[in-house]
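Residue numbers (the numbering used here), protein chains in the order written: chain U, 1 to 169; chain H, 1001 to 1131.
From the three backbone atoms N, C-alpha and C, an ideal C-beta is built for every residue, glycine too.
Note that this is a predicted model, so its numbers are computed, not measured.
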Amino acid sequence: MAADTSFIDFSRPFVDACKNIFTTMVSCNLEAQKPQIKSDSTSRGDITAVIGLSGELEKGGKKTPYKAMLVLAFPYETYFKVASVMLSETYTTYHPDIQDLGGEIVNMIMGNAKRDLKNLGYSSNMAIPSIIEGKGHSIKYPAGTTVVLIPFDSPNGPLYMELCYSTAE
Amino acid sequence: MTLKADIKILIVDDMTTMRKIIKNMLTQIGFTNITEADDGAVAWPMIQNAIKEGSPYEFIVSDWNMPQMSGLDLLKNVRATEGLEKLPFLMITAEAEQGNVVIAVKAGVSNFIVKPFSPQVLKEKIDKIFK
Chain U
1 MAADTSFIDF SRPFVDACKN IFTTMVSCNL EAQKPQIKSD STSRGDITAV IGLSGELEKG
61 GKKTPYKAML VLAFPYETYF KVASVMLSET YTTYHPDIQD LGGEIVNMIM GNAKRDLKNL
121 GYSSNMAIPS IIEGKGHSIK YPAGTTVVLI PFDSPNGPLY MELCYSTAE
Chain H
1001 MTLKADIKIL IVDDMTTMRK IIKNMLTQIG FTNITEADDG AVAWPMIQNA IKEGSPYEFI
1061 VSDWNMPQMS GLDLLKNVRA TEGLEKLPFL MITAEAEQGN VVIAVKAGVS NFIVKPFSPQ
1121 VLKEKIDKIF K
């Protein structure tokens, strides 16, 4: 992305949507920590939900295709606590009942963010979310993109949002 | 709740966790007769069979985006079927754009919820449908 301010504009809808989802459905507030550039591909969590986004940015009468990816990584403990609250049952292992929860959360974040991105000039199409599970797994990022890591603190433990973005320019 | 607790409800969502969340919320509200389907393509024959068996569903709660048959297509099938023109149909979607609401309203949706939502919001939407 050309300038930091553009990235802040682009990332804000995702951060706001994530906070909204946790307040509404997990009954807890997320506190965003300082964003940082991520230079490796190792997930900061044990369960990682990934969803792609593509579309066009319209600015000054010019349309530029773009691609983006949203990642939400949960340590096991955080994931189990969040699942326990959302599903009103206690989970302490990676049970089949909760395998798609991360995907549902990123789906909600992306769906909510789309509305605000539209106001910033981005048209967008969501992909289908996927989940990666296991200690120390890596994430495959689109080539040539900068990955920004936004850690969150919550009463259920930490979680980590990552955003990467590239244009066809 | 003024509604009967045992009205026959069908939840349609391809995500296991969201079906469970919605079922928990409906149970909290007081409903007891809840069945699930994991796609519109699974739900549609269930709705048709329930009519044939003389025990039709009385309320459909459906996700919009599903892999085989979307909630919108399920809604269109329901509305095109004699006797189901007014079947209460609540659409749930992750996509918050206004355009989606307009499309769903034109297709005859009874009400519309954007995720995330609380049990209170779900109850308010249901109350509006059945008022």
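Collapsed DSSP secondary structure at residue 23/U in the structure displayed: helix
Among 1062/H, 1117/H and 1022/H, nearest to residue 1091/H - alpha-carbon criterion: 1062/H
Host beta strand (DSSP E) of residue 55/U (start-end): 47–59
Closer than 8 Å to chain U by CB, residue 1017/H: yes
Short-range partners of chain U found in the region 1115–1129 of chain H, where Cβ spacing is below 9 Å: 1115, 1116, 1117, 1118 and 1121
Simplified DSSP state of residue 18/U, which is helix, strand or coil: helix
Test: residue 114/U CB closer than 8 Å to a CB of chain H: yes
CA nearest to the CA of residue 48/U, picked from 130/U, 152/U and 149/U: 130/U
Endpoints, the alpha helix (DSSP H) within which residue 80/U is located: 76–87
When 64/U, 70/U and 57/U are compared against residue 118/U, the one with the closest alpha-carbon: 57/U
Members of the region 1010–1038 of chain H that neighbour chain U once the beta carbon cut-off is set at 7 Å: 1015, 1016, 1017, 1018, 1020, 1021 and 1024
Interfacial residues, the region 1073–1093 of chain H to chain U, with Cβ spacing under 8 Å: 1093
Cβ contact check for the region 65–74 of chain U and the region 85–93 of chain U: 3 or more pairs under 8 Å: no
Within chain U, the residues that residue 1097/H reaches when beta carbons sit closer than 7 Å: 114, 115 and 118
Contact check, residue 1123/H vs residue 1029/H, beta carbons under 8 Å: yes
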